[in-house]
Every structure is written in C-alpha cells, then in structure tokens.
Amino acid sequence: MKIEQINVSSSKREEFIDITHKVKNFVNESKIINGKITIYVPHTTAAVTINENADPSVPHDITLALNKISPHLAQFRHLEGNSDAHTKSTIVGCSQEILISNGNLVLGTWQGIFFCEFDGPRNRKIILGIA
Amino acid sequence: MKIEQINVSSSKREEFIDITHKVKNFVNESKIINGKITIYVPHTTAAVTINENADPSVPHDITLALNKISPHLAQFRHLEGNSDAHTKSTIVGCSQEILISNGNLVLGTWQGIFFCEFDGPRNRKIILGIA
Amino acid sequence: MKIEQINVSSSKREEFIDITHKVKNFVNESKIINGKITIYVPHTTAAVTINENADPSVPHDITLALNKISPHLAQFRHLEGNSDAHTKSTIVGCSQEILISNGNLVLGTWQGIFFCEFDGPRNRKIILGIA
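Heads up: the protein sequence lines correspond to chains A, B and C, in order.
Counted the way my numbering counts, the first sequence spans residues 194 to 324.
Counted the way my numbering counts, the second sequence spans residues 194 to 324.
Counted the way my numbering counts, the third sequence spans residues 194 to 324.
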C-alpha cells in the first residue's frame, strides 16, 4: 500500500472541487498497472463523490439539492452550527474506491472525482492509498 | 486484480435490478477463496446498493423514497433535466465492496446487490474487480 | 484477508454506536502494518458511517436529520413498516474502507466509526476484513 496526501483549498461554504487530475497523477507515479485506489477524506464536514465533470451545472445542481436534502434544523444541538454539513458528509461518504486497469483509473466516460466541501472555506487534505 | 464487465438493461426511468447472481457467478469463476470484490458503476445517473432482496416491496419503497428525497428543482441549471438522477447517484454511491470468505460473498441473510437506474431506460455496464 | 465478526447491541430504534476502539483492537491484533480494513454491516436496516465522535451532539443531530430525510411514507408497500430504515441503510451505506499506515487506522483528528442502527433495538453483527 503506497499512501500519499494531497491538499485542496475551498473558497466557499459549499463547493465541489474536481481532483481527477491529481488522482491520475498519483496513479501514474505509482507505476501500479492493475489494482485499486482509495480516495479518503479525513474530515467530518466534507466528502468525496464521483459524478459528471463535463458540465459544471451538474456539481452546481447536486450542491443545491444537498442543501435542500440536509438543511439547518432548529432542533440541532451541536453548538458549532454545522450539523447540516456533518449530515451531508455521512450521506455522500468520506471515501471512494476506483479500480486501476492497464495503469489507468477505470472511470466512466463522464465521471470525474470531486472533493465535496460542506463547511468552507478551509484548507483540506485528502489521503490516497494505492495497491 | 481480475476485472470483468457485466451488462444490464433497464426498462423504466427508476429501477432496481438485482445483480446478486451475476456477481456470485464472477466470484465462482475467479476461484478466489479469500479476498474482496469491487462492484463499480461507471455511470453518473445510476448507482449500486446492497439491501433486502427477499420482498420486492423494499426496492419499490426505496425508489419511492429517493424520489421524495431528490426531486426535480426549479433552480437546476443542467439542461438535460436529469439533475435529480445525478444527485441520487451521489447519495447512493457508484461502488460497493464485499468481502469473500471460503469462496463465497460475505452477504447478510437478507442482503442482495442492486444496480440502481435513475435515468432509464438504458443499456448500462457494471465493472467487477476481484483480488 | 483476515476476517472477524464483532457484535453490537442497540437499545433504541435509531442509535449511533461508536465502534472505533473495537476496530482499532482488531487492527492491532492483525499485526498488519500497511494495508486496508473493510467494515461491513450484513444488515439491511443498519449502516456504518465515519463522522465526528468528539461531541455526542453530532451523531444526535445526524440521526435527527436522517429521520427528516427518510420519513415513513403513506405509499410504502413493505408490510414490516420499516422502509424508512431500509432507505437510510442505502443512503448511508453498509460498508466503509479505511487505510492502515504504520499499524494505525488513517482516521482524521475528529473522525470515529459509528454503527448506525435504524430499526432497533436489536443484536447486530459487523464483519471486519483486513489485508
């Protein structure tokens, strides 16, 4: 298992940041031909998803939908006021697994990998593990 | 890592298709005794989940609930009109990992594996990776 | 792949149970230095998530939010009356993957691992697989 950390900086409270090229670079450098990569977010108000990266309206619309799905609720107890972001992290998930075949990520034609910021702006880290 | 593609065809816009037997066949053919399988959906308006496959009312009810959770929103920008499906893909997720022990999938008694169509009918593919 | 089962007992219908220490114990016993662990829930009305375990208000608030996101719907057909719990299981997910580096789980500072009960109280099992 080869492990590396990459960094991203968000500039808004909610933001999808395309990290596909960063993940591809790590796969190339690893020289792994057949295997699998884990993309892991070590934060509790962020997540990682795989979705369309051709039209920027798609991450815009998913962000909008997640705000409707997980709004601020009057009954929340957590004093930091970001329980909506913790909930989004749990429903989207903090890791993704992608197969590697012939040295390439096995992504679909329209798929890209997005770091999902739900409580920015912040400096964040992402852990990549490949084997 | 042994990789194989399987195909499914959906016949409705939203549909859960049980692929448990197809995944089991691949595990059997692979001769892997102890390991893990990745079930990966390379599409951005579909997903894969593990849930009850004994009573067909369960996938029916989850599909119904997901339509309430992720409806069409007036503020969506994506011109294809399927942002609700992209959102469902992100909240359900495009991959699952299942352990293999003594040559068998480590599934619970009531668990089956479902391909989740959110923007059908379409011909879709699923990538299986085992090691 | 080393596989082990751990057990948890829930005492309410909805409950997040911190299993971080149980997972760490298994990692220590396994003597794996670099690798990955799969945490798999073989139930269809439960799940596993990674989120903040410092302030108990966070799992409280996520549970509350999930009840709003996935309520009981009049149109549900499943006669057991727990389709809201099946839906939560699908949106949270029944497994998590965590990297292991230098013999330790690669968790973020505030991250803990929670078994998510959505249809308790019950005795439940969790399968751990490490390699």
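For glycine and all other residues, C-beta sits at the position ideal for the given N, C-alpha and C.
Counting along the chain, residue 207/B sits inside no beta strand (DSSP E), nor does DSSP assign it H or E at all. Counting only Cβ-Cβ distances below 7 Å, residue 229/A has contacts in chain B at 194, 231 and 322, in chain order. Around the beta carbon of residue 272/A, a 10 Å sphere encloses fewer than 16 other beta carbons of the protein chains shown; the residue is thus reported as exposed.
Contact annotation, residue 294/A with residue 227/A: C-beta distance approximately 6 Å; criterion of less than 8 Å satisfied. The residue among 302/A, 321/A, 276/A and 311/A with its C-alpha nearest the C-alpha of residue 248/C is 276/A. Residue state for residue 225/C is assigned as coil, using DSSP reduced to three classes. Under a 10 Å Cβ-count criterion, residue 236/B is classified as buried, with 16 or more other Cβ atoms of the shown protein chains found around its own Cβ.
Between the stretch 206–220 of chain B and the stretch 206–215 of chain C there are fewer than three inter-stretch CB-CB distances shorter than 8 Å, so the stretches are not counted as touching.
About 23 Å separates the beta carbon of residue 288/C from that of residue 208/B, a gap too long to meet the 8 Å contact definition.
With the criterion set as a beta carbon lying under 9 Å from some beta carbon of chain B, the members of the stretch 268–293 of chain A are 284, 285, 286, 289, 290, 291, 292 and 293, in sequence order.
In the structure shown, residue 311/C adopts coil according to DSSP, grouped into three states. Closest option to residue 292/A, judged by alpha-carbon separation, among 285/A, 301/A and 284/A: 301/A. Minimum Cα-Cα distance from residue 261/C among the listed residues 199/A, 200/A and 280/A corresponds to 280/A. Excluding five sequence positions before and after residue 194/B, the CB atoms of its chain that fall closer than 6 Å to its own CB belong to 322 and 324, given in chain order.
Within 10 angstroms of the beta-carbon of residue 252/A lie 16 or more other beta-carbons, which makes it buried. Chain A has a Cβ within less than 8 Å of the Cβ of residue 301/C.
Contact of residue 244/A with chain B by beta-carbon distance below 7 Å involves 237, 279, 282 and 283. As the crow flies, the alpha-carbon of residue 286/C is around 17 Å from that of residue 304/C. In the structure shown, residue 218/A falls within a helical segment according to DSSP collapsed to helix, strand and coil.
Proximity of chain A to residue 251/C at the Cβ level (cut-off 7 Å) is accounted for by 271, 276 and 279, in chain order. Per DSSP, reduced to three states, the secondary structure at residue 324/B is coil, with no helix or strand assignment.
Residue 231/B and residue 320/B have their alpha carbons spaced roughly 8 Å apart.
Boundaries of the beta strand (DSSP E) harbouring residue 201/B: 195–202, taken from the DSSP string.
Residue 239/C is positioned such that its CB atom lies closer than 8 Å to that of residue 310/C. DSSP links residue 304/C through a beta bridge to 245/C. Between residue 283/B and residue 255/A the beta-carbon gap is near 6 Å, inside 8 Å, which marks them as a contact. When C-beta distances to chain B are compared with 7 Å, the residues of the stretch 214–229 of chain A below that value are 227, 228 and 229, in chain order. As a beta-bridge residue in DSSP terms, residue 239/A pairs with 310/A. For residue 246/B, the closest alpha carbon among the candidates 264/B, 316/B, 306/B and 313/B is that of 306/B. The beta carbon of residue 255/B sits closer than 8 Å to some beta carbon of chain C. Residue state for residue 259/C is assigned as helix, using DSSP reduced to three classes.
The residue among 316/A, 308/A and 243/A with its C-alpha nearest the C-alpha of residue 298/A is 243/A.
By the rule that beta-carbons nearer than 8 Å mark a contact, residue 205/B does not touch chain C.
Contact of residue 248/A with chain B is assigned, a C-beta pair being separated by under 8 Å.
Annotation: residue 202/A has no Cβ neighbours in chain C at a cutoff of 7 Å; minimum Cβ distance is about 17 Å.
As DSSP reads the structure, residue 280/C sits in no beta bridge.
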